[in-house]
Amino acid sequence: MIQERFENITLAYQRSIGPYGQHNRHFMENFKQTLDREQLLDDQSVIFGIALDDPTRVAAEKLRYDLGLVLRRGQSTSLETRTLEDGLYAVFEVPHTEADILSFWKDLPVLTQGLPADWRRPIIERYAAPMIARHLCEMCVPLIQPL
79 MIQERFENIT LAYQRSIGPY GQHNRHFMEN FKQTLDREQL LDDQSVIFGI ALDDPTRVAA
139 EKLRYDLGLV LRRGQSTSLE TRTLEDGLYA VFEVPHTEAD ILSFWKDLPV LTQGLPADWR
199 RPIIERYAAP MIARHLCEMC VPLIQPL
């Protein structure tokens, strides 16, 4: 685990509303096709997956999940954009398999023990093309920043 500060990140994004899980895989494939059509996807692309709601508190049919491509300087898009809230994150490298990602979520309380996790902000799944090429992704847990 490393700590990393996210600053000035603008995302070209799409939102899905409905149950998390298998649906998100199809959503990702469709999102990447859209990025291909817009000529935004390349070997340096970074996609964030952001589950905006707690499935223990929000009905499955109302769960919101954003997929966003990090826009680099000079990139433009017809997609909606949003700016990610600046902040400090604990970044965990995870093998990019369904089993390992599920294991991360199951082990999250142990992995974050002793960290000043900010549970008011969403955990971000980061899929950077160079990492995906090595069958890895990153889970970014927001941290409370000291004043």
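One point on numbering: in the working numbering, the residue at position 89 of the sequence shown is 167, and numbering is uninterrupted. Virtual Cβ for every residue (Gly too), placed ideally from N, Cα, C.
Assumed close pair residue i, residue j - CB separation to whole angstroms, cut-off 8 Å
i      : j      : result
Leu221 : His174 : No, Leu221 and His174 are not in contact; Cβ-Cβ is about 23 Å, not under 8 Å.
Thr155 : Glu107 : Not really, about 18 Å apart at Cβ, beyond 8 Å.
Phe84  : Asp144 : So it is not a contact: roughly 15 Å between Cβ atoms.
Ala90  : Thr159 : 6 Å
Leu130 : Pro200 : 6 Å
Gly146 : Ile125 : 7 Å
Met209 : Phe170 : About 12 Å separates the two Cβ atoms, so there is no contact after all.
Met79  : Ala168 : 5 Å
Cα-Cα separation, residue i to residue j
i      : j      : result
Phe182 : Ile87  : 25 Å
Gln227 : Pro194 : Here the chain has residues from 79 to 225 only, and residue 227 is not among them.
Val148 : Arg135 : 29 Å
Leu166 : Gln223 : 7 Å
Gln111 : Leu118 : 10 Å
Thr161 : Leu189 : 28 Å
Spatially closest choice to residue i from the options, by CA coordinates
i      : options                        : result
Glu203 : Leu193, Glu176, Gly192         : Glu176
Asp196 : Leu189, Val188, Val219         : Val219
Asp132 : Pro224, Arg198, Gln223, Ile210 : Arg198
His101 : Ser123, Gly127, Met209, Leu113 : Gly127
Arg151 : Gln122, Arg103, Lys184         : Gln122
For residue i, the three-state DSSP class (helix, strand or coil)
i      : result
Ser154 : coil
Gln81  : strand
Thr88  : strand
Asp178 : helix
Asp114 : helix
Val136 : coil
Arg199 : coil
Arg212 : coil
Pro224 : coil
Pro187 : helix
Glu107 : helix
Proximity test, Cβ basis, 8 Å: residue i and chain B
i     : result
Ala90 : Given the protein chain composition of this structure (a single chain), no chain B is represented.
Kindly confirm or deny that the stretch 95-107 and the stretch 130-142 touch, where touching means at least three C-beta pairs closer than 8 Å.
yes
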